[in-house]
Amino acid sequence: MNIGQAAQQSGLPPKTIRYYEEIGLVVADRASNGYRDYSDNHVHRLNFIHRSRDLGFSVEECRMLLSLYDDDARESAEVKALALSKITEIDAKLEKLAGLKATLQHLAENCHGDHRPDCPILEELSGEKDCCASLPEMNEGPAQRVGTGSSPR
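Everything in the sequence shown is counted per my numbering, starting at 391 for the first residue and increasing by one.
Here's what the structure looks like:
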């Protein structure tokens with residue numbers, strides 16, 4: 391099948407499939423005319439990569455998962471370790487997002503949102519005032535802060 395058909399069956403854009411081929415995740419056969427020729431096995435691998443990426447695995451992690459998938463002597467402990475590591479990473483991202491949400495919620499609640507020009511949201515973003523110093527997630531370090539950018543507008 392051609393790349394358009396493989397794209398339709400895998401749900402991936404042709405450009406993404408070409409990229410995966412370029413980096414060696416999938417290697418399509420070549421027809422006599424030089425065009426890419428994808429088999430059902432190629433589409434299966436593309437679907438595997440697509441699902442893995444949807445679960446948050448990086449391209450390199452997908453490469454490792456494909457390698458494990460292809461290895462009949464693999465140990466499921468390796469696959470489980472990758473999955474648990476990804477869960478830990480997701481938990482850390484969720485915690486950070488919860489902190490960001492709390493900060494924005496606090497700023498929005500303290501903004502009058504009326505005709506007056508003063509705005510705690512803009513003041514915090516500009517670093518003029520530290521409106522959120524009392525929030526626990528704002529005291530975890532400079533990387534967590536909304537208003538820590540050192541470059542002026």
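Don't be surprised by glycine CBs; every beta carbon is placed ideally from N, CA and C.
Item: For residue 427, three-class secondary structure by DSSP; Value: strand
Item: Of the residues 487, 450, 446, the one placed nearest residue 415, counting alpha carbons only; Value: 450
Item: Through-space distance from residue 492 to residue 467, alpha-carbon basis; Value: 37 Å
Item: Residue 455 versus residue 427 - alpha carbon distance; Value: 24 Å
Item: Reduced DSSP category for residue 420 - H, G, I as helix; E, B as strand; rest coil; Value: strand
Item: Under the three-state DSSP convention, the category residue 477 falls into; Value: helix
Item: Nearest-angstrom Cα separation, counted from residue 448 out to residue 515; Value: 31 Å
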